[in-house]
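In the working numbering, the protein residues as written are 1072 to 1163.
Below is the structure:
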């Protein structure tokens, strides 16, 4: 079965996610921003989701993790929890 390693930042608004993405693109560290701003418990670990398999995450995030380009910050991606920035490190 496929698996991937990813991290994410979860915030309440699309504007907040877009602002954080700009900061990451400008060179700020994803993990530092995740610890400070993410509302997900994974934020304490720099947004690290560890290894995930298809179906473990909500559909919109699953689509990014298993179909989008690696090592790129994707988002804002909307889910029922809020807006996510997602970065995928590898996929098997």
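Cβ atoms here follow ideal geometry from the backbone N, Cα and C, with glycine treated the same way.
Whether residue i touches residue j by CB criterion (9 Å)
i, j, result
"residue 1091", "residue 1114", "no"
"residue 1077", "residue 1159", "yes"
"residue 1122", "residue 1074", "yes"
Cβ-Cβ separation, residue j to residue i (assumed contact under 8 Å), whole Å
i, j, result
"residue 1150", "residue 1129", "5 Å"
"residue 1154", "residue 1099", "Between residue 1099 and residue 1154 the Cβ distance is about 18 Å, and since that is not below 8 Å, they are no contact."
Cα-Cα separation between residue i and residue j, rounded to whole angstroms
i, j, result
"residue 1110", "residue 1137", "23 Å"
Nearest candidate by alpha-carbon position, reference residue i, set the options
i, options, result
"residue 1101", "1133, 1142 and 1161", "1142"
"residue 1106", "1089, 1096 and 1079", "1079"
"residue 1097", "1140, 1125 and 1144", "1144"
"residue 1131", "1152, 1089 and 1104", "1152"
"residue 1093", "1123, 1146, 1162 and 1119", "1146"
"residue 1088", "1127, 1116, 1156 and 1163", "1156"
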